[in-house]
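In my numbering, the protein residues as written are 2 to 608.
Where a beta carbon is used, it is the ideal one built from N, C-alpha and C, also for glycine.
As the structure is a prediction and not an experimental result, all values here were calculated from the model.
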Amino acid sequence: MCGIVGYVGRKAATPILLEGLKKLEYRGYDSAGVAVWNGEKIEVEKAKGRLRVLVEKTDNGAFPVGSAGIGHTRWSTHGKPSDINSHPQTSGTGRTAVVHNGIIENYMELKEYLASQGVTFVSETDTEVVAHLFEHYYKGDLLEAAERVASVLEGSYALGILVADHPDTLVAMRHDSPLIIGLGEDENFIASDVTAILEHTRSVYYIEDKEIAILTGASVEVYDQHSRRVKKTPSHIDWDVQAAEKGGYEHFMLKEIMEQPAAVQATISPRIKNGRVELEIPLSDEDIRSFDRIYIAACGSAYYVGCAAARVLETLLHIPVLTQLASEFRYQSPLVDERTLVIIISQSGETADSRAALREAKRLGARTLAIVNVVGSAIAKEADMSLYTWAGPEIAVATTKAYSTQLAALYLLGIRMAEARGTVTPERYGELVAAVEALPGLIEKTLGIKEQTQQLASRWFSAEHVFFIGRGIDYAVSLEGALKLKEISYTMSEAYAAGELKHGPISLIVDGTPVIAVISDNRLFEKTLSNIKEVSARGASVAAIVCESARDISGEGVTPLTIPDCEPLFAASLSVIPLQLLSYYIASLKGCDIDKPRNLAKSVTVE
Ligand code: F6R
């Protein structure tokens with residue numbers, strides 16, 4: 002979704018802003034712009050389309066010339082993508098420029114008020130209202146104007162503001178949308194996402210809801226909503242610059258697929274000590290025993306992680322575990338009370354629907370646990386407890402390594418909780434810990450399937466529809482496989498519980514329809530094989546993900562994609578790999594923009 006970067010210091014701002022915006026491209030956008038104080042006025046350059054259009058328009062960052070400015074990548078909500086609707090938005094005099102992430106819910110009301118004061122609007126955006134409003138309230142004091150703006154805005158916002166009267170100063174403020182301040186020497190930055198400024202600094206302040214920051218090159222002052230100065234402690238960002246670079250890979254997605262063994266290792270190894278799972282969350286044995294059910298709420302791939310993890314947790318804990326789409330959670334009358342653990346899974350930690358589910362769970366009295374990748378994100382802060390996945394920055398819109406680390410974190414949670422509840426024997430506990438520890442090596446081995454998935458992709462890339470089938474955990478993985486394929490290759494893909502095909506969807510199978518079956522648990526082999534036979538008999542072209550120890554099915558006209566044997570409860574971590582690779586290669590053969598699929602955003606901060 003939208004991205005913000007701002008710079009104030011001594012260097013030329015425009016190249017820094019453009020570089021920062023480049024790092025934010027992965028979030029998804031449809032237009033971009035910068036506003037820089039050029040010594041006489043705030044000069045604005047904006048362009049619909051890819052960032053390269055803006056780069057050309059500014060002659061590669063040669064102008065506007067100045068050392069304070071704000072930049073933005075926009076993912077349209079109010080008003081179509083266009084030069085005019087792009088940010089920065091300015092006030093009528095052009096003396097206030099604003100970049101904004103989020104949605105101002107009462108913007109129509111504010112617009113009417115401003116119109117009654119003689120203000121005219123040029124764009125369709127809610128953001129333009131903020132620029133006019135700021136100017137309307139500005140009487141010489143930036144903080145006072147920012148506070149008055151904050152007092153009337155409803156909705157979510159991260160704002161970067163540049164005012165001509167204070168050309169060496171930026172104003173930053175937020176509510177329900179992330180914003181950080183990067184601290185440099187004689188220079189400071191604002192950004193919606195740490196990747197935008199990582200190249201310049203790793204020292205950041207996290208701005209909290211309703212806080213307002215006033216930055217110059219030499220100082221950063223942060224105030225709470227009652228104008229009290231807030232003392233901030235800088236946080237250090239461990240992510241290194243290379244982690245956010247392609248490192249020789251053609252796409253971030255492929256790089257991130259290949260990083261999965263290391264990411265899973267980083268997530269599990271600090272939490273297994275001498276064969277025991279030790280989690281850094283405040284959850285005592287007594288707490289764990291008090292839960293009588295678990296809800297998992299998440300969106301997209303994180304929801305499919307939840308679907309797989311629910312099977313693992315139910316098996317290990319002997320209590321009901323229900324997974325719900327975060328966007329539906331509030332509408333399902335969830336049976337949540339103080340005996341419920343609600344787990345929110347989110348890579349970004351900013352997904353609006355997941356945040357709303359978290360708030361609902363807290364309102365209903367549940368204990369809440371967030372499984373989150375981005376440190377300091379809203380969900381991590383709002384939940385009662387957070388378990389971070391240490392996947393590092395995930396840049397490709399389609400998640401891969403975050404998915405794998407989320408699964409790993411949930412396996413650890415399951416083992417820890419099973420021990421406290423006494424639902425596993427000491428021997429089984431030991432086996433499970435060893436099985437989790439083996440995962441990075443097994444994922445590495447599974448990645449060796451790359452060439453085979455490439456070959457399959459070359460057979461299937463022109464298919465209009467692809468079907469994914471599986472049972473139990475394999476069904477959850479099939480759902481993820483179908484999502485991966487559709488989001489990056491635009492191929493219609495559907496996942497079905499294997500036994501469900503014959504109840505309707507089998508009518509869609511015709512000669513040559515690609516079907517991929519996931520059978521990671523040999524106990525389900527014969528049952529799913531009978532479903533494979535049903536579709537083969539109707540002409541489907543079938544591939545199957547099977548374990549090394551499974552019976553050979555190549556003689557039955559099925560292309561096997563073999564994964565190593567592993568603990569069946571944790572097999573989703575391996576069976577997803579060929580599906581990620583298959584989607585990647587199909588998208589590549591179709592010439593798709595793999596890292597930035599159309600219409601999608603990395604961090605979905607609107608409901
Ligand atoms: C799919 C994908 C999305 C996200 C979903 C949730 O590849 O990346 O479906 O999983 O938007 O995002 P987070 O995990 O940031 O809450």
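For the 8 angstroms CB-CB criterion, Glu-212 and Asp-225 form a contact. In this model, Arg-149 and Val-56 are separated by some 35 angstroms (Cα to Cα). Along the stretch 314–374, the alpha helix (DSSP H) occurs as fully enclosed runs of 4 or more residues at 327–330, 353–364, listed in sequence order. Annotation for Ala-541: Ile-510, Thr-514, Val-516 place their beta carbon closer than 6 angstroms to its own, counting only its chain and skipping 5 residues before and after. Excluding sequence positions up to five before and after Lys-485, its CB lies within less than 7 angstroms of the CB of Ala-399, Leu-580, Gln-581, Ser-584, all in the same chain and listed in chain order. Of the residues assessed, Leu-336 falls on the exposed side of the cut-off, its CB having fewer than 16 other CB atoms within 10 angstroms. Going by DSSP, Val-100 is part of the beta strand (DSSP E) stretching over 97–105. DSSP, read as helix, strand or coil, puts Phe-135 in helix. Taking 7 angstroms as the cut-off, one finds no heavy atom of the ligand F6R near enough to the beta carbon of Cys-308. Closest in alpha carbon position to Leu-457, among Leu-115, Ala-588, Ile-345, Phe-526, is Ala-588. Residue side-chain check: Leu-484 places its Cβ nearer than 7 angstroms to a non-hydrogen atom of the ligand F6R.
It is roughly 7 angstroms from the alpha-carbon of Phe-330 to the alpha-carbon of Ala-298. Between Thr-390 and Ala-403, the CB-CB gap stays under 8 angstroms.
In this structure, Val-605 has its beta carbon less than 7 angstroms from a heavy atom of the ligand F6R. Counting only the Cα atoms, Ala-545 lies some 36 angstroms from Glu-351. Taken through DSSP and simplified to helix, strand or coil, Gly-248 comes out as coil. Excluding sequence positions up to five before and after Val-130, its CB lies within less than 7 angstroms of the CB of Ile-105, Tyr-108, Leu-111, Lys-112, Leu-115, all in the same chain and listed in chain order. Relative to the non-hydrogen atoms of the ligand F6R, the Cβ of Glu-383 never comes closer than 7 angstroms to any of them. The ligand F6R never approaches Ser-157 closely enough for any of its heavy atoms to be under 7 angstroms from the residue's Cβ. Distances from the CA of Ser-494 to each of Phe-462, Leu-284, Thr-454 were compared; the closest alpha carbon is that of Phe-462. In this structure, Glu-125 places its C-beta atom within 8 angstroms of the C-beta atom of Asn-86.
The C-beta distance from Ala-397 to Phe-292 rounds to 35 angstroms, too long to fall under 8 angstroms, and the pair is not in contact. The residue from Ile-17, Glu-26, Gly-10, Leu-22 with its alpha-carbon nearest to that of Lys-603 is Glu-26. Ala-151 has its CB no nearer than 7 angstroms to any heavy atom of the ligand F6R. Between the C-alpha atoms of Lys-24 and Pro-283 there is a straight-line separation of about 35 angstroms. The C-alpha of Gly-415 is placed about 18 angstroms away from the C-alpha of Gln-325.
Counting only the Cα atoms, Glu-465 lies some 18 angstroms from Leu-502. Ser-550 has its CB no nearer than 7 angstroms to any heavy atom of the ligand F6R. Cβ atoms of Ala-371 and Ala-381 come within 8 angstroms of each other, at about 5 angstroms. Note: Leu-413 is not bridge-paired with any residue in the DSSP secondary-structure output. When Cβ pairs closer than 8 angstroms are counted between the two stretches, the stretch 7–14 is seen to touch the stretch 67–75, the count reaching three or more.
For Tyr-27, no alpha helix (DSSP H) encloses it, and the DSSP letter there is neither H nor E.
In the DSSP assignment, no residue is bridged to Ser-463. For Val-37 against Gly-67, the beta-carbon gap comes to about 4 angstroms, under 8 angstroms, which counts as contact. It is roughly 10 angstroms from the alpha-carbon of Gly-185 to the alpha-carbon of Ile-198. Restricted to the stretch 254–292, the alpha helix (DSSP H) segments that are unbroken, complete and at least 4 residues in length are 261–269, 286–291, listed in chain order.
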